[in-house]
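Numbering (the UniProt record's numbering), first residue to last: 1 to 717. The beta-carbon is built from N, C-alpha and C at its ideal position, and this holds for glycine as well.
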């Protein structure tokens with residue numbers, strides 16, 4: 001500081017800045033202790049002291065019990081005697097001089113980032129950058145890590161921590177609220193017409209929020225283009241109020257998932273689901289969006305009761321998630337068979353009797369036609385399996401829900417390959433990566449969802465643009481010339497698989513045999529009816545008819561769900577159902593010829609659900625939720641453990657009734673275990689191995705078990 005004592009300054013601010021610069025360079029900070037005249041905005045004298053000057057003052061409340069006091073506190077005060085003064089001389093310039101009572105520093109010097117004064121200046125200089133990263137969804141520790149990475153240009157940035165970022169964001173959020181409560185800010189955002197949200201809410205008699213329906217504009221526009229399929233499922237641990245979050249999602253032509261609406265509910269009973277569906281119908285009516293063809297859910301009885309209560313949804317097909325069905329059968333039937341063992345490589349080996357049971361169950365629910373189903377069912381019931389396991393599978397799933405899970409029934413409808421809720425489970429996982437925490441209020445959750453919705457719409461737009469700009473090389477064949485510009489790559493890939501099944505040396509004569517596969521007597525193909533795409537027999541017949549190198553498929557042959565979805569379509573082109581009276585050839589898929597019978601769409605689809613609920617009411621509900629398997633670290637790992645590792649979770653139960661019935665079933669809520677092999681926007685269908693789905697349930701836990709066993713043997717557990 002000696003060099004600055006001999007200088008003169010034109011203004012008080014210049015003198016203060018020079019003193020602060022020297023103090024920062026030496027490793028301490030200065031603070032104003034006194035000024036003259038006191039309280040003046042234009043003082044002629046300033047007394048500056050070291051920021052560590054003064055003594056610590058205990059401000060704790062002595063009336064508070066010691067156990068409730070904050071004991072882990074710190075103070076920067078060390079009674080440092082260093083002081084300097086800045087005063088205006090009579091000649092005009094400002095001068096800096098040591099105070100008469102000044103003394104040397106009694107503490108070590110530290111970097112500038114440890115002093116709150118310099119740190120506040122540093123944060124203020126990068127405030128806009130911090131807020132930008134925050135609004136983009138970066139968590140505080142990532143923002144701090146990014147800023148520390150810029151320390152080569154500004155060494156002071158190396159001292160920024162996550163707590164500093166959190167403090168800056170807390171100040172930003174307080175400024176954003178502008179004196180409003182968080183819920184007032186949330187409603188201000190929802191009511192802002194420039195943001196385009198559709199929302200509804202419901203409250204109890206005391207005015208407390210019990211339901212909040214939010215649909216982003218991006219999801220509404222995507223639903224307008226891809227309206228045919230909806231998937232509904234609840235997720236948990238998203239907010240501090242423990243309100244279940246019901247997500248409604250759809251799927252694009254490229255098999256990308258998008259969120260139509262996120263609905264916070266006070267519970268999972270039928271009234272809450274009915275209110276959520278009513279809001280969804282209001283949204284569809286306001287935006288002019290047709291009713292979906294198919295809705296896929298888990299075995300949620302309260303939700304199914306709510307679905308059949310709306311006349312607008314009477315023709316909408318409801319399917320159950322086939323993967324959750326398999327998971328429940330696996331969980332509840334394994335106790336009736338010998339326990340699994342392990343081989344020399346510590347892999348889980350099921351009992352042969354259980355393997356045979358699962359194979360026959362797989363063949364049963366994947367029956368290609370009714371005759372095959374009856375044959376497989378008869379064999380399933382008489383092959384000597386434990387009667388309790390057979391009764392559970394048949395009476396719990398097949399008798400009430402056959403039309404919703406057995407393949408020959410499911411493939412009657414144009415479900416576009418969505419027979420499980422795996423895509424919405426994947427969306428839940430992606431959504432929670434944006435949430436940061438499970439204890440936020442609705443306002444903070446809403447802000448994170450805004451980032452998620454934007455990310456989702458941007459990803460879908462980029463995928464669609466890429467699909468237009470680049471074409472898969474497998475579709476560069478003359479057969480696709482007329483349909484390639486309009487169809488998505490996923491649809492072309494599916495048609496390409498059928499095209500490869502047709503012999504390349506197809507001769508155009510009457511003796512040419514069709515590709516392998518068979519159809520039912522009505523010549524309806526499960527591939528064609530479920531996906532709405534031409535099968536291998538269509539391709540064969542058109543090649544055989546002498547159509548030339550370019551097969552003249554027209555867009556009238558392809559449903560609107562398979563196109564890129566980028567062109568606006570008038571409501572008259574958006575038919576809620578697609579029927580065809582033409583007799584077409586069919587094919588046999590790899591898993592056994594999934595043919596489908598004709599569907600009479602004039603019959604209310606709700607009748608199927610209603611009959612199943614009436615069956616449960618008359619015969620009782622034998623459903624048992626799958627018990628969640630304990631986490632690996634919660635149990636002792638032994639090399640010879642013969643415990644069956646597959647322990648699927650359960651679906652939530654609701655109220656069993658048909659309109660006025662009030663028979664109550666037990667409500668179960670357990671955490672679901674996602675499959676690591678199921679990716680967002682993609683269904684798994686391994687047709688080569690009938691036990692692939694069951695094996696994948698074991699695979700994840702088996703790998704974790706091996707890792708934990710090694711740690712246990714090394715003494716780490």
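The closest CA to that of residue 407, considering only 363, 64, 306, 456, is found on 363.
Residue 476 counts as exposed, since fewer than 16 other beta carbons sit within 10 angstroms of its beta carbon. For residue 250, the enclosing beta strand (DSSP E) stretches over residues 245-251.
Here residue 419 is buried, its C-beta having at least 16 other C-beta atoms within 10 Å. Taking the C-beta atoms as reference points, residue 215 is found no nearer than 8 Å to residue 226. Ranked by Cα distance from residue 315, the first of 610, 147, 371, 177 is 610. Scanning its chain for C-beta atoms nearer than 7 Å, with the 5 sequence neighbours on each side dropped, one finds around residue 210 the residues 202, 203, 204, 266, in chain order. The alpha-carbon of residue 329 is positioned some 22 Å away from that of residue 231.
The C-alpha of residue 387 lies about 13 Å from the C-alpha of residue 334. Less than 8 Å divides the Cβ of residue 78 from the Cβ of residue 52. Judged by DSSP secondary structure, residue 88 falls within the beta strand (DSSP E) whose first and last residues are 83-88. Put simply, the region 123-136 does not touch the region 80-88. Fewer than three CB pairs are less than 8 Å apart. Counted as a single uninterrupted DSSP element, the alpha helix (DSSP H) harbouring residue 172 occupies residues 162-177.
In the DSSP secondary-structure assignment, residue 199 is bridged to 214. Cβ contact annotation for residue 222 (same chain, cutoff 6 Å, sequence separation greater than five): 258, in chain order. Taking C-alpha positions only, residue 212 is separated from residue 612 by approximately 31 Å. Residue range 352-365 is occupied by the alpha helix (DSSP H) that includes residue 365. Beta-bridge pairing by DSSP links residue 49 to 31, 83.
Inclusion of residue 297 and residue 320 in the CB contact set at 8 Å is warranted, their separation being smaller than that value. In the structure shown, the three-state DSSP call for residue 410 is helix. Cβ neighbours of residue 467 within its own chain (closer than 7 Å, five residues either side excluded): 254, 488, 489, 564.
For residue 422, the enclosing alpha helix (DSSP H) covers residues 422-435. When secondary structure is reduced to three states using DSSP, residue 24 falls in the helix class. Apart from the 5 residues on each side of it in sequence, residue 104 sits with its Cβ closer than 8 Å to the Cβ of 81, 82 in its chain, given in chain order. If you compare the alpha carbons of 228, 69, 502, 75 with that of residue 55, the shortest gap goes to 75. Sequence-distant partners of residue 23 (beyond 5 residues in either direction) whose C-beta falls short of 7 Å from its own C-beta, in its chain, are 29, 30. Exclusion of the five residues before and after residue 606 leaves 308, 314 as the residues of its chain whose Cβ lies within less than 6 Å of its Cβ. Excluding five sequence positions before and after residue 436, the CB atoms of its chain that fall closer than 7 Å to its own CB belong to 139, 448, given in chain order.
Bridge pairing for residue 136: absent [DSSP]. Straight-line measurement puts the Cα of residue 310 at about 21 Å from the Cα of residue 617. The region 440-457 makes no contact with the region 390-406: fewer than 3 CB pairs, one atom from each, lie closer than 8 Å. In the assembly as shown, residue 195 is an exposed residue. Its beta-carbon has fewer than 16 other beta-carbons within 10 Å. The C-alpha of residue 272 lies about 30 Å from the C-alpha of residue 392. In this chain, the beta strand (DSSP E) harbouring residue 317 covers 317-320. Residue 279: member of the alpha helix (DSSP H) spanning 270-287, first to last residue. In this structure, residue 144 lies near residue 161, with their beta-carbon atoms less than 8 Å apart.
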